[in-house]
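Peer 1:
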Amino acid sequence: MIRRVRDDQEPCPGHDKEDIMGKTKRIVVIGGSAAGPKAAARARRMDEEAEIAIIQKDPDLSMASCGYPYYVGGFFDDRNMLLSTPTGVTRDPRFYINAKGIIAKTETEAIGIDRKARTVTVRDMRSDEVTAIEYDKLVIATGSIPRLPPVPGTELSGITTLQSMRDADYLRKVRDEGKIKKAVIIGGGLIGIETSEALELAGMEITVVELLPQLLTFLDWEMAKLVENHVKSKNANVITRNGLAAFLGEDGRLTAVKLSNGTELPCELAVVAIGVRPNVKLAREAGLEIGQTGGITIDKHMRTSDPDIYAVGDCVEVTNLITGKKVLAPYGDLANLQGRVAGENAILGDHATFPGTIQTGICKVFDYTAGSTGLSERAARESGFNEIETAINASPDKPGFMEGKILVTKVVVDKPSGRILGAQCVGLGDVSKQVAQWAMAIKGGLTVEDMVNADLPYAPPFSLAIDHGIAAAHIVQNKLRGFMKGISCAEVKEKIDRKEKVFFLDTRGPDEYEQMRLGIGETLIPIGMLRKRLDEIPQDRDSEIVCYCKISLRGYEAARLLEARGWKNVKVMEGGIMAWPFPREK
Numbered sequence: 079m080i081r082r083v084r085d086d087q088e089p090c091p092g093h094d095k096e097d098i099m100g101k102t103k104r105i106v107v108i109g110g111s112a113a114g115p116k117a118a119a120r121a122r123r124m125d126e127e128a129e130i131a132i133i134q135k136d137p138d139l140s141m142a143s144c145g146y147p148y149y150v151g152g153f154f155d156d157r158n159m160l161l162s163t164p165t166g167v168t169r170d171p172r173f174y175i176n177a178k179g180i181i182a183k184t185e186t187e188a189i190g191i192d193r194k195a196r197t198v199t200v201r202d203m204r205s206d207e208v209t210a211i212e213y214d215k216l217v218i219a220t221g222s223i224p225r226l227p228p229v230p231g232t233e234l235s236g237i238t239t240l241q242s243m244r245d246a247d248y249l250r251k252v253r254d255e256g257k258i259k260k261a262v263i264i265g266g267g268l269i270g271i272e273t274s275e276a277l278e279l280a281g282m283e284i285t286v287v288e289l290l291p292q293l294l295t296f297l298d299w300e301m302a303k304l305v306e307n308h309v310k311s312k313n314a315n316v317i318t319r320n321g322l323a324a325f326l327g328e329d330g331r332l333t334a335v336k337l338s339n340g341t342e343l344p345c346e347l348a349v350v351a352i353g354v355r356p357n358v359k360l361a362r363e364a365g366l367e368i369g370q371t372g373g374i375t376i377d378k379h380m381r382t383s384d385p386d387i388y389a390v391g392d393c394v395e396v397t398n399l400i401t402g403k404k405v406l407a408p409y410g411d412l413a414n415l416q417g418r419v420a421g422e423n424a425i426l427g428d429h430a431t432f433p434g435t436i437q438t439g440i441c442k443v444f445d446y447t448a449g450s451t452g453l454s455e456r457a458a459r460e461s462g463f464n465e466i467e468t469a470i471n472a473s474p475d476k477p478g479f480m481e482g483k484i485l486v487t488k489v490v491v492d493k494p495s496g497r498i499l500g501a502q503c504v505g506l507g508d509v510s511k512q513v514a515q516w517a518m519a520i521k522g523g524l525t526v527e528d529m530v531n532a533d534l535p536y537a538p539p540f541s542l543a544i545d546h547g548i549a550a551a552h553i554v555q556n557k558l559r560g561f562m563k564g565i566s567c568a569e570v571k572e573k574i575d576r577k578e579k580v581f582f583l584d585t586r587g588p589d590e591y592e593q594m595r596l597g598i599g600e601t602l603i604p605i606g607m608l609r610k611r612l613d614e615i616p617q618d619r620d621s622e623i624v625c626y627c628k629i630s631l632r633g634y635e636a637a638r639l640l641e642a643r644g645w646k647n648v649k650v651m652e653g654g655i656m657a658w659p660f661p662r663e664k
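In the numbering used here, the protein residues as written are 79 to 664.
1) For H379 and E422, I'd like the C-alpha separation in whole angstroms.
2) With respect to the alpha helix (DSSP H) encompassing S235, which residues constitute its N-terminal and C-terminal limits?
3) So, is R120 buried or exposed, given that buried needs 16 or more other C-beta atoms within 10 angstroms?
4) With respect to the alpha helix (DSSP H) encompassing M243, which residues constitute its N-terminal and C-terminal limits?
5) DSSP on V580, reduced to helix/strand/coil?
6) Please determine whether the Cβ atom of N176 lies at a distance below 7 Å from any heavy atom of the ligand FMN.
7) H308: buried (16+ other C-beta within 10 angstroms of its C-beta) or exposed?
8) Evaluate the contact criterion for the stretch 189-199 versus the stretch 360-376: three or more CB pairs, one atom per stretch, below 8 Å.
9) Measuring alpha carbon to alpha carbon, tell me which residue in G560, A532, E278, P228 is nearest K646.
10) Would you call the CB atoms of L399 and P433 closer than 8 Å?
11) Tell me the rounded alpha-carbon separation between L524 and A182.
12) Identify the continuous alpha helix (DSSP H) that holds P433 and give its terminal residues.
13) Roughly how many angstroms lie between the CA atoms of T238 and R244, to the nearest whole one?
14) Does DSSP put N339 in a helix, in a strand, or in coil?
15) Hey, how far is the Cα of L640 from the Cα of S495?
16) Going by DSSP, what residue range makes up the alpha helix (DSSP H) through C567?
17) Is the separation between the beta-carbon of F296 and that of S140 shorter than 8 Å?
18) Looking at C-alpha atoms only, which residue of I629, S566, R619, P356 is the closest neighbour of E590?
19) I need the straight-line Cα distance from V262 to E272, nearest angstrom please.
20) Do you know offhand how far F660's Cα is from A348's?
21) Would you mind stating whether K116 and N414 have Cβ atoms separated by less than 8 Å?
22) With the cut-off set at 8 Å, would you say A458 and L499 are in Cβ contact?
23) Inspect the beta-carbon positions of R595 and I603 and report whether they are closer than 8 Å.
24) Hey, how far is the Cα of G372 from the Cα of V335?
25) What is the DSSP secondary structure of K312, counted as helix, strand or coil?
26) Sort out for me which residues DSSP pairs L326 with in a bridge.
27) For chain C, is any of its Cβ atoms less than 8 Å away from the one on E614?
28) Determine the direct distance from the alpha carbon of I223 to that of A361, and round the result to whole angstroms.
29) Where does L542 fall in DSSP's three states?
30) Drop a sphere of 10 angstroms on the beta-carbon of P477, count the other beta-carbons inside from all chains shown, and report buried for 16 or more, exposed for fewer.
31) Considering only their Cβ atoms, is the gap separating A314 from E346 smaller than 8 Å?
32) Could you compute how far the alpha carbon of E467 sits from the alpha carbon of G547?
33) Whose C-beta lies closer than 6 Å to the C-beta of G131 among residues of the same chain, with five residues either side of it excluded?
34) Quickly, what does DSSP pair V394 with across the bridge? List them, please.
35) Can you tell me whether DSSP reads G100 as helix, strand or coil?
36) Can you find the residues in the same chain that come closer than 6 Å, C-beta to C-beta, to R632, ignoring five residues on each side of it along the sequence?
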C-alpha cells in the first residue's frame with residue numbers, strides 16, 4: 079500500500095506498485111482528530127479485511143479538542159485523558175494497530191492527492207522522507223484553521239489560539255507556572271468564553287473583546303446580554319462593539335492589546351478566538367469542488383465531487399435542515415457522525431446518510447450555561463421567515479424544595495404553521511436537557527401544539543410538574559391564540575428610553591420588591607390585592623399597561639384579570655425580572 083518515491087517523482091498508476099498490505103480494499107484517511115479516526119474505525123467494523131491507514135500531521139490522535147479549555151482550566155490534570163478511550167486507554171498508533179488493525183502514521187503530512195492515480199503523497203515530518211500511498215477510497219478530514227486577525231504584532235510571543243494540543247499544552251503550562259496576571263481573549267464565541275473561564279480559574283485578570291454588539295452570536299441579543307452579565311459577575315471585563323487594532327510588545331514579547339477606539343489593554347497573554355475556516359488546501363489543489371461557504375462540497379453520503387473521495391468534519395459545508403442553505407458547522411459531535419457515515423460508505427457503498435444540521439450547541443459559562451438549537455429570531459428573519467412569533471419563559475428547572483435554579487428560554491416559531499424554528503436557553507439550571515428537547519422537536523418538525531402536551535419524564539428531583547420547556551410552549555400557544563400579548567424586556571427598555579407613557583405594574587409582594595426591583599417607575603400592587611385596587615390602574619381602558627413579576631407568571635394572571643375588566647392594551651413582560659438584562663435599581 080505504501081511506496082517510496084523521490085521528491086521530484088510523481089507516483090505512477092498501475093498494478094506494479096509495492097503493496098505492503100495485500101490486495102484487499104484500501105482506505106486512506108487524511109486527518110486524525112475526530113472525524114478521521116471515526117471514519118477509519120467504522121470502516122474497520124464494516125470490513126475486517128480492509129487495509130486502513132490514518133495520516134496525521136500532529137503527534138497526537140483522536141484528540142478531544144472540545145476538552146482543551148477544561149484541561150487548561152484545571153478541571154483535570156492528566157493530559158492523556160484528552161486522548162483516551164472511555165476505559166482510559168490512550169489512542170496512539172500502537173492502540174490503533176493492536177485494537178483495530180489500523181495503521182496510524184503520526185507526524186506525517188499529506189502533501190498531495192493524485193486522483194487519477196488514486197494516491198496520496200505524504201511526507202514524514204521527522205525524516206523528510208516522501209512516500210505515496212494508494213487508495214481505493216479516500217476520506218479527507220483535514221479540519222479547520224483558526225482565523226488570525228490581519229493586524230500588526232501577531233508575531234509577538236504570548237499570542238496563541240486554542241485550536242490544537244500544542245495550544246492547550248502551552249496554555250496549561252502558563253496556568254501551572256502562575257506568572258501571567260493579565261490576559262485578553264479576542265472573540266466572544268464558544269471558545270473565547272470557555273477560555274475566559276479557564277484563565278480566570280488560573281487567577282488571571284480577564285478581558286473579553288468582541289467586535290460585534292454581543293457575545294455568543296448564536297443567541298439573540300437579549301439572551302446574550304444575560305450571559306454577558308454573568309461573565310461580568312465573575313470579575314471578567316467584557317468589551318463589545320470594539321475590534322482589535324494591534325498587538326503591542328517589547329523585546330518580542332506581548333505587553334498590550336490595542337483596540338480600534340485607541341484603548342490599550344495591558345496584558346502578557348492574548349488568546350485569539352475569532353473563529354475558524356475550513357482547511358481545504360489539499361482538496362482544492364486536487365480539483366475537488368469547494369462550496370460558497372469555503373467548505374468542501376459533499377452530498378448526503380459525505381461524498382465529494384470525486385466518487386472515490388469523501389470529506390468529513392470541519393472542512394466541509396453541510397445543509398441547514400431548516401433553511402435548506404449550505405452552512406459551516408464545525409462541531410465535534412457532527413464530525414463524529416459524519417465520519418461514521420463516510421467510513422461505512424467507503425466499505426459498503428453509498429447508502430448511509432448524513433442529511434444535515436440544525437446547528438445545536440451549548441457552552442459552559444462559569445457556573446452558567448448557554449445553549450441553542452435551530453434558528454435564532456435574527457437568523458430566522460434573515461432566512462426569509464417573515465411571520466414569526468417568539469416567547470420567553472423564565473422559570474426553575476425543578477421545584478424550589480429540590481433547589482431548582484432559574485432558566486430563561488426563548489422559543490422561535492413560524493407563526494402560520496406553528497412549526498418550531500429555534501430555541502435558546504441560558505441559566506444556572508439544566509440547560510442541556512432543555513436544548514436537547516427542543517433539538518429533537520425541531521429535527522422532528524414538531525409544532526407548538528405538539529409540544530404543549532409533550533410526555534416528558536417527571537419527578538421533583540428532575541423537573542417541575544409542567545416542565546420548563548413545556549411551559550415555554552404554553553406561553554407561545556397563549557400568544558398565538560390571543561390569550562396573551564407579550565412584550566420583551568428589550569422592547570420595554572426602548573419604551574422607557576423614548577419616555578413613552580406606560581403604566582408598569584409589578585405584581586409581586588412587598589418583601590420581594592424591597593429585595594429586588596427594576597426602578598422603572600413601576601407601581602407595586604401584589605396580585606392578591608389587584609381586584610381590590612383596580613382604582614389605582616389608569617382608568618382609560620386604552621392605556622398601555624405592562625405587567626410583570628419575578629418570572630411573569632403573576633404578571634400573566636394580572637393581565638388576564640385586567641383584560642376581563644375591560645382594559646384593552648395590556649401586555650406581559652416576558653420572563654419578568656429574571657429575564658431583565660439591563661441595570662436595575664436594586
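The beta carbon of each residue, even a glycine, is placed where N, CA and C say it ideally should be.
Peer 2: Checking against the coordinates, here is how it stands:
1) What you label residue 379 is simply residue 301 of the sequence shown in a count that begins at 1. What you label residue 422 is simply residue 344 of the sequence shown in a count that begins at 1. Approximately 10 Å between the Cα atoms of the pair.
2) Counting from 1 along the sequence shown, the entry for residue 235 is found at position 157. Run containing S235: none; DSSP gives neither H nor E here.
3) Along the sequence shown, read from residue 1 onward, the residue named residue 120 stands at position 42. So R120 ends up on the buried side.
4) Mapped onto the sequence shown, residue 243 falls at position 165. Note, M243: alpha helix (DSSP H), 243-255.
5) Start at 1 with the first residue of the sequence shown, and residue 580 comes out as number 502. V580: coil per DSSP, three-state reduction.
6) Summarising the ligand content, the structure contains no ligands, and the ligand FMN is consequently not present.
7) Mapped onto the sequence shown, residue 308 falls at position 230. Buried, since its Cβ has 16 or more Cβ neighbours within 10 Å.
8) yes
9) Position 568 of the sequence shown, counting from 1, holds the residue named residue 646. Nearest option by C-alpha distance: G560.
10) Taking the first residue of the sequence shown as position 1, residue 399 is located at position 321. Taking the first residue of the sequence shown as position 1, residue 433 is located at position 355. It is a contact, given that the beta carbons lie within the stated cut-off.
11) Taking the sequence shown and counting its residues from 1, one reaches residue 524 at position 446. Taking the sequence shown and counting its residues from 1, one reaches residue 182 at position 104. Cα to Cα, L524 sits roughly 43 Å from A182.
12) As a first step, residue 433 is located in the sequence shown; it is residue number 355 there, counting from the start. Segment: none, P433 is in no alpha helix (DSSP H) and carries neither H nor E.
13) Within the sequence shown, numbered from 1, the residue matching residue 238 stands at position 160. Within the sequence shown, numbered from 1, the residue matching residue 244 stands at position 166. One C-alpha to the other measures close to 10 Å.
14) Counting from one through the sequence shown, the residue named residue 339 turns up at place 261. Looking at N339 - three-state DSSP - the assignment turns out to be coil, as it is neither helix nor strand.
15) Translated into positions along the sequence shown, residue 640 becomes position 562. Translated into positions along the sequence shown, residue 495 becomes position 417. Rounded to whole angstroms, L640 to S495 spans 30 Å at the Cα level.
16) Translated into positions along the sequence shown, residue 567 becomes position 489. Counting along the chain, the alpha helix (DSSP H) containing C567 begins and ends at 567-575.
17) Here residue 296 is taken as the residue at index 218 of the sequence shown, counted from 1. Here residue 140 is taken as the residue at index 62 of the sequence shown, counted from 1. It is not a contact, given that the beta carbons lie outside the stated cut-off.
18) Translated into the one-based positions of the sequence shown, residue 590 becomes position 512. When each option's Cα is compared against that of E590, the closest is I629.
19) On the sequence shown, residue 262 is found 184 positions in, with the first residue counted as 1. On the sequence shown, residue 272 is found 194 positions in, with the first residue counted as 1. One C-alpha to the other measures close to 13 Å.
20) As a working note, residue 660 is residue 582 in the sequence shown. As a working note, residue 348 is residue 270 in the sequence shown. Whole-angstrom Cα-Cα distance: 29 Å.
21) As a first step, residue 116 is located in the sequence shown; it is residue number 38 there, counting from the start. As a first step, residue 414 is located in the sequence shown; it is residue number 336 there, counting from the start. Against a cut-off of 8 Å, the Cβ pair of N414 and K116 comes out as a contact.
22) Your numbering for residue 458 matches position 380 in the sequence shown. Your numbering for residue 499 matches position 421 in the sequence shown. Yes, the pair counts as a contact, with Cβ atoms nearer than the cut-off.
23) Against the sequence shown, residue 595 aligns to sequence position 517. Against the sequence shown, residue 603 aligns to sequence position 525. No; because the gap between Cβ atoms is not below 8 Å, this pair is not in contact.
24) Within the sequence shown, residue 372 is the residue found at index 294, counting from 1. Within the sequence shown, residue 335 is the residue found at index 257, counting from 1. Taking the straight line from one Cα to the other gives about 30 Å.
25) Reading the sequence shown from its first residue, position 234 is the one you call residue 312. Coil.
26) As a position in the sequence shown, residue 326 is number 248, starting the count at 1. Looking at the DSSP assignment, L326 forms a beta bridge with A334.
27) The structure shown contains no chain C; it is built from a single protein chain.
28) As a working mapping, residue 361 is identified with position 283 in the sequence shown. As a working mapping, residue 223 is identified with position 145 in the sequence shown. For A361 and I223, the distance between alpha carbons rounds to 14 Å.
29) As a first step, residue 542 is located in the sequence shown; it is residue number 464 there, counting from the start. L542: coil per DSSP, three-state reduction.
30) The sequence position of residue 477 within the sequence shown is 399, counting from 1. P477 should be labelled exposed.
31) On the sequence shown, residue 346 is found 268 positions in, with the first residue counted as 1. On the sequence shown, residue 314 is found 236 positions in, with the first residue counted as 1. In this structure, A314 does not lie closer than 8 Å to E346 by Cβ.
32) Sequence index remark: in the sequence shown, residue 467 carries index 389 (1-based). Sequence index remark: in the sequence shown, residue 547 carries index 469 (1-based). Each residue's Cα considered, the two are about 16 Å apart.
33) Translated into the one-based positions of the sequence shown, residue 131 becomes position 53. Reading the sequence as shown, one finds Ala at residue 131 and not Gly. Excluding positions up to five away in sequence, the list reads V106, I181.
34) Residue numbering aside, residue 394 sits at position 316 when the sequence shown is read from its first letter. DSSP output for V394 lists I374 as bridge partner(s).
35) Mapped onto the sequence shown, residue 100 falls at position 22. Low per-residue confidence applies at G100: pLDDT is 43, beneath 50, and the placement is therefore not dependable, though the value from the model is reported in the following sentence. Correct three-state label for G100: coil.
36) Translated into the one-based positions of the sequence shown, residue 632 becomes position 554. These residues qualify, in order along the chain: T585, I605.
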